[in-house]
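Take a look at the structure set out below.
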Amino acid sequence: MPYELNRRLAARRPALPTNAEVDTVTAGIVRGAFETICFEVATHVARTATSAMINQSNERNASIIDAHGRLAGLSVGIPQLMFISPLSVRYALEHKDQDDWGPGDVFVGNDPYAGGGHLPDYNVFAPVFDNSGELLMLQAIQCHQGDTGGKDPGGFSPDALDLWAEGLIIPGLKLLHRGKPRRDVMELLIRNNRLREFSGDIWSMIGAAQLGARKLQELVEQYGADVVKAAINTNIDITEKRFREQIKQWPDGDYEADVYIDHDPAGNKDIHVHVNCKIAGDGLTVDFTGTDARPELAAVWNTFSNTRGYAAAQLAAMIDPSIPKNEGLFDAINLVVPEGSILNPPDNKPVVLGAFHPAVEVGEAICIALSSIVPERASPQVYKIGMPNVVFGFRNDGSMWMDSGVDVRGSDASAVQDVDGWGSMCSALGNLILQTAEEGESTFPVRHLGRELTTDTGGAGKWRGQPGTKNIKQLLEPGNASCWMVSMAHPLRGMQGGHDAAPYGNRFMVGTEQEYAIDNAAFNVPMPAGAVMAYQYGGGGGFGNPLERDPEAVKEDVLDELVSLQAARSQYGVVLVGELADYDLKVDHAATDALRREMATSQESA
Amino acid sequence: MSYRIGIDIGGTFTDFVLYDNSAPSHSAVSIHKELSTPDDNSRGVMNGLEQLAKKSGQDLRTFLTNTEALIHGTTVADNALIEGKGATVGLLTTEGFRDEIDLRRGYKEDIWDVRLEPPKAIVPRRRRLTVKERVAASGDIVAPLDENAARLAIKQLAKQGVDSVAIVTLFSFVNPSHEQRLAELVREEMPSAALSLSHLIMPKAPEFERASTTIVNAFVNPRVTAYLDKLVDKLHAAGYQHELLAMQCSGGVMSREFIRQKPIVVLASGPAGGVMGGAELGKSKGASNLLCVDMGGTSYDVSVVKNGIAPAEPGWNWHHRYLVGLPMVSVVTVGAGGGSIASVKSGMLQVGPESAGSDPGPVCYGNGGTRPTVTDANLVLGLLSDESEFAGGSFSLSRKGVDEAFHEHLAGPMAYSIEEAAFDVWRVVNANMTQAVRRVTAEKGTRTSELTMLAYGGNGPVFAGVQAKELGIKRILVPRTSPTFSASGVLSADLLIDEEKSYLRPAGSASTDELAGLWQSLAESATGYFVGAEVKADNIQYSYLLNLRYPGQNWSLSVAVTEQQGVSSTGFITPEKLAAVVDGFHAQHEAEYSYARREEQPEITGVRLITRAASPKPPLGQGKISEQRVCKASRSRRANLGEGYADTPVFTGPKLVPGDVVQGPAIIEEVFTTIVVYPGWKAVLDDAGDYVLIFL
């Protein structure tokens, strides 16, 4: 069972031993250098990777881990994924002596039960030593691979019964020994992947980790190993201290929340995540006791490491953004994840889809729980998407094409106190660059028929959620489609009296007599040429009571067709007069006041 | 007599560089600074020209009659975006695609700050209307343009007071007929509206980048055009007889007629002018690989010059929170300037990005600033002095209030002395700048140790030595004309048109006839503008490039195909030539991105033509140093140059002559800047009167 290992990997690690002391300014300069090195490492991958998923989408997560396995620095990737990196490195560190670590070595790990997230997330890392051969830190770079060598191309198998079905499992493997590639090992990795581009991608990641290690070595030469170690210690202390200062300002108490996933792909309903955020002084315990643990659940298993990373990513969004992101975030909290639950699964459960759900529900639950005490930063950093419409088919030469559906969209961009939801997605995904119609249509036999924001799909609130888009796509040749729909029965939640977002929805064969709605999932459904799919993304949740929204702002929303005239009345209690088509709408203040009073009364009695 | 005048409008000053090509070379170039007149910048320009005329002993009319070229860098487009004061824009686009500009392909500037506000909407959703129509990737029309719906949409825009219309339809860069027809309908329904057609502004995929660029063009269009028209009217009325040339973000200049059909090209042209000036100066001194650092009052701008040219690449360029996908000289800006404010937050000292700007400015300006800034720290450290003149003698710095501000905001919270606080500010701002440089050079794949640093701006030379050492750079150039550098760059920049046409095809199945036709049309259009700008045909140089990428890649590489001087002819493109270009692509990809996939058939994404005419260059002194003699300073002051306070020699820059050597540690006070010669460095004044700093 993995639990003992997880406990050991997650346990708080001590500071690095050092004879130096540094002031906060020096520590800050070293931190800046770390962030720049991570940026350089991620940029190297962007310039050299061969698959579009890695070189275009910015899904490149660089981090620096110290010799004790603590997160020492990171760059601009996806927060959740950067926070996951340390545990797979810690697992490898446990075998440091057996595996004869030395300068020039490079490793890879992806085992979800040895500190990893899910199999597609390969973490490649290179250690850095001082002159006496003492390990100082590691440069890590994690990227999502397009294939994992499992039973299905792409690695997303909603019907997988265990981890082995999902692909090649790598607990921790040396790829280069003292700078020399291990030919046999590399061949094995490449042989176990369906995609030609994989070899370019893995070499690109190796090169990036080596680049980072070299830059870190230069930094150590410039400042001295003791100073760099002291700077890491100081930065982690500062983050813990600043995080605790914020917690201390939050009133003591138990703050609980429940969120649900509609169903797993097998049809088991209302999968439940419960959290209690217990605040006592400067301490915060995030306790998921009470979360679903039904052994029969399919696919919705999220690894412990992922749970830990997603919790940290949500909390990082709820504190002063200037607080440096490092191990101090974990040191400041006590995380309790019940063993055997969907957030800390029994050995070898399949986890590839669990890294989406219930992973994002971890963040959503924490956000709701703390929304009354940190309203100004209560914005869920989530994607409630299940799995988008993935379509694939075969070209005349027999090769496969796959459009993974990572198209430009509007989804789950919630409001927060004082700021309406805006843009495409939540802030945390702000570096995930989405696919355009013109690029997609030049690559795949598809046509994008539209993806506009759908009126009234953003949750109403004093601050309004951004609506979701309806992405309509047509297949121009016969193909197959797959998806997994959630957030239909349980859409993204509003905060502090703000309304929930409109639910997701998905229809196949649109405009034909066979048109139907997807009520759970579709696996490799054959589609004829000309078939149209319409995927309605959920919007963002609202924040605060919509009856308190400035009526003028509601009027502007109606003019922009983000909110309908009817919803202005029924959701916001705003009465508008004039003609929308003439852009001369005006708020009838007297009627609005009266309507809002009436609605407030029925809200109270409800 | 024949003058060429470069003019650059900044927030505070409008800078002029005059080149008299009939004068002996030592007196051929003169500079002038005039206060800017932000309410109507053309007034400041005319004021400055009057002063220049006066200096040359002529009346304005005679002076302008003797002027053969006025070349202008303007921030009018940037200001429109910063202030949110541009046209009332309407968008006509393909049904289903009205929200691209809000969705931004998912991009947000800060992944940690959930309170980040959206950018100011320059075209709100109610003015983004769609029309049923569709062109496929092949260029085939799969849904005809619904003209009735289009007329209705145009009427709705008119009703909302729209005065500038952006037209963006899918795959218009392959088949522009729907955009063209929509433009005709707009002209019929709204004859006075300005038009921006995406297939003319940025003829390539993908739609978000093209839509954003076209909308920004529509937003700045009327204001830029009106400003240039007004200025040209005034100049012509005053006696100027030639075309006004304006700086573009690509680093070249072009005529008002060209700018008029694509006014967005003047966006971000100010910094581009500086980089061009740098490239020119570097070339004259034999330094063709430069790291240009410009530190002014509010920001620190970094750019790289490679092989004597400032690369202008189209791509993921964000300006004032909008994407502009045109070829643009890459300048990265960080909020680290003389006015950057230092503060302490939870025991951490940070500098910037908040800035006191120039109003109220640093505490030591004595204009009511109360929070400590980088310039104040430099004063405490003795790098600057309250006993010397500042900013060209326009005022002196004052220590009054500085110590109090340092104590209250920094030294108190950190529990140490104000001198320690000032030193920490100096360290932090240095680190911020060094990290910015590392990021720029990482993206370019450049090794900093192979570069010469070019430091300019009022504050650049104060810090240059420290950063250069950190970056392994051993040579720094500090031009004496540093404060008017952008104007110099504008003056020496070539006339340039850099345009593309989309052509999506696997390289193996491309038609050389079609490629020739596309280049031909670009060449005809560019030649027309050059002739209009009074350029002789013989002086026009054509560089033909082909854009290629591997299947699956998003960004293309431009591969040089051939160059021609004088006459353009596309006979060069043969199947053999195409094969050679594909080989060239593999090689260039390997050089820039460290690998090539020679087994893979690349895709052509378009043709590119860079048309250029050289401008007469002011004589720039070479970097020769005939003789060297070490100077002694006549005065000194207590200053901390990174190694603790010590009595430090101070030199008066204008009194130094070519060949003079100043051994560090020392401080040189120039008219518009201060050069700190850090320990281990020496400064030499070369024969052209510019400083060369050498690390020993």
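Listed in order, the protein sequences are those of chains A and B.
FYI, in this note's numbering the residues of the first sequence are 6 to 611.
FYI, in this note's numbering the residues of the second sequence are 191 to 886.
All C-beta atoms, glycine included, are put in the ideal place defined by N, C-alpha and C.
Supposed contact pair residue j and residue i - C-beta distance, whole angstroms, cut 8 angstroms
{"i": "Y512/B", "j": "T257/B", "result": "That belief does not hold up - the Cβ atoms of Y512/B and T257/B are roughly 36 angstroms apart, past 8 angstroms."}
{"i": "W468/A", "j": "G415/A", "result": "Going by Cβ atoms, the distance from W468/A to G415/A rounds to 16 angstroms, so no, they are not a contact pair."}
{"i": "I312/B", "j": "F409/B", "result": "5 angstroms"}
{"i": "N231/B", "j": "V279/B", "result": "Actually they are not in contact, since the Cβ atoms of N231/B and V279/B sit about 23 angstroms apart, beyond 8 angstroms."}
{"i": "N273/A", "j": "A303/A", "result": "7 angstroms"}
{"i": "Y577/A", "j": "V559/A", "result": "5 angstroms"}
Cβ shell of residue i (< 8 angstroms), same chain only, five flanking positions each side left out
{"i": "R313/A", "result": "A15, F88, I89, L92, F335, L340 and V342"}
{"i": "R739/B", "result": "W745, S746, L747, P792, E793 and T795"}
{"i": "Q350/B", "result": "T278, G280, R316 and R317"}
{"i": "F134/A", "result": "G107, P108, L140 and L141"}
DSSP bridge partner residues for residue i (one or two, in chain order)
{"i": "H262/B", "result": "I197/B and A436/B"}
{"i": "T244/A", "result": "DSSP output for T244/A lists no bridge partner at all."}
{"i": "E859/B", "result": "T842/B and T864/B"}
{"i": "N281/A", "result": "E261/A and D292/A"}
{"i": "M490/A", "result": "BP columns for M490/A are empty, so no partner."}
{"i": "A873/B", "result": "V852/B and L883/B"}
{"i": "W406/A", "result": "G398/A"}
{"i": "Y388/A", "result": "Its beta-bridge partners do not exist; DSSP assigns none."}
Span of the beta strand (DSSP E), counted from its first residue to its last, around residue i
{"i": "A304/A", "result": "It is not in any beta strand (DSSP E) - A304/A carries neither H nor E in the DSSP assignment."}
{"i": "L458/A", "result": "V451 to L458"}
{"i": "Q479/A", "result": "T474 to L480"}
{"i": "I261/A", "result": "For the record, residue 261/A in the displayed sequence is Glu; it is not Ile. Per DSSP, E261/A belongs to the beta strand (DSSP E) from G258 to H268."}
{"i": "W468/A", "result": "That residue, W468/A, is in no beta strand (DSSP E); it is neither H nor E in DSSP."}
{"i": "H149/A", "result": "L140 to H149"}
{"i": "P483/A", "result": "No beta strand (DSSP E) contains P483/A, which DSSP labels as neither H nor E."}
Option nearest residue i by Cα separation, candidates the options
{"i": "G648/B", "options": "D484/B, H432/B, S232/B and R316/B", "result": "D484/B"}
{"i": "P450/A", "options": "T474/A, F397/A and D402/A", "result": "F397/A"}
{"i": "V592/B", "options": "A632/B, Y417/B and I531/B", "result": "I531/B"}
{"i": "V413/A", "options": "F44/A, G391/A and N476/A", "result": "N476/A"}
{"i": "A658/B", "options": "K349/B, I884/B and R317/B", "result": "I884/B"}
{"i": "K691/B", "options": "P839/B, Q791/B and F363/B", "result": "F363/B"}
{"i": "L846/B", "options": "D837/B, E860/B and Y835/B", "result": "E860/B"}
{"i": "E609/B", "options": "A621/B, L250/B, L644/B and V564/B", "result": "V564/B"}
{"i": "G460/B", "options": "G476/B, A436/B and E470/B", "result": "A436/B"}
{"i": "I857/B", "options": "K872/B, V840/B, P844/B and P869/B", "result": "V840/B"}
{"i": "N575/A", "options": "V30/A, R602/A and I69/A", "result": "Note on residue identity: the sequence assigns Ser, not Asn, to residue 575/A. Of the candidates V30/A, R602/A and I69/A, the one whose C-alpha sits nearest the C-alpha of S575/A is R602/A."}
Continuous alpha helix (DSSP H) stretch holding residue i: start and end
{"i": "T488/B", "result": "No alpha helix (DSSP H) holds T488/B; DSSP gives it neither H nor E."}
{"i": "R187/A", "result": "Premise fails: R187/A is in no alpha helix (DSSP H) and is neither H nor E."}
{"i": "Q215/A", "result": "F203 to Y228"}
{"i": "H49/A", "result": "T29 to T53"}
{"i": "P132/A", "result": "Where P132/A is concerned, there is no enclosing alpha helix (DSSP H), although the beta strand (DSSP E) it sits in stretches over D126 to F134."}
{"i": "L293/B", "result": "E290 to L293"}
{"i": "V111/A", "result": "It is not in any alpha helix (DSSP H) - V111/A instead sits in the beta strand (DSSP E) that spans V111 to G114."}
{"i": "G468/B", "result": "S459 to S474"}
Residues near residue i by beta carbon distance below 7 angstroms, same chain, minus five either side
{"i": "E566/A", "result": "T460"}
{"i": "I211/A", "result": "V111, V129, L180 and L181"}
{"i": "D505/A", "result": "G464, P496, L497, R498, G499 and G546"}
{"i": "G276/B", "result": "A270, I312, F409, V410 and R413"}
Own chain partners of residue i with C-beta closer than 6 angstroms, once the 5 adjacent residues on each side are dropped
{"i": "D566/B", "result": "P552, V553, C554 and V592"}
{"i": "H495/A", "result": "Y265 and D267"}
{"i": "V867/B", "result": "V852, G854, A856 and A873"}
{"i": "Q755/B", "result": "Q731"}
{"i": "G464/B", "result": "D484, F675, S676 and G679"}
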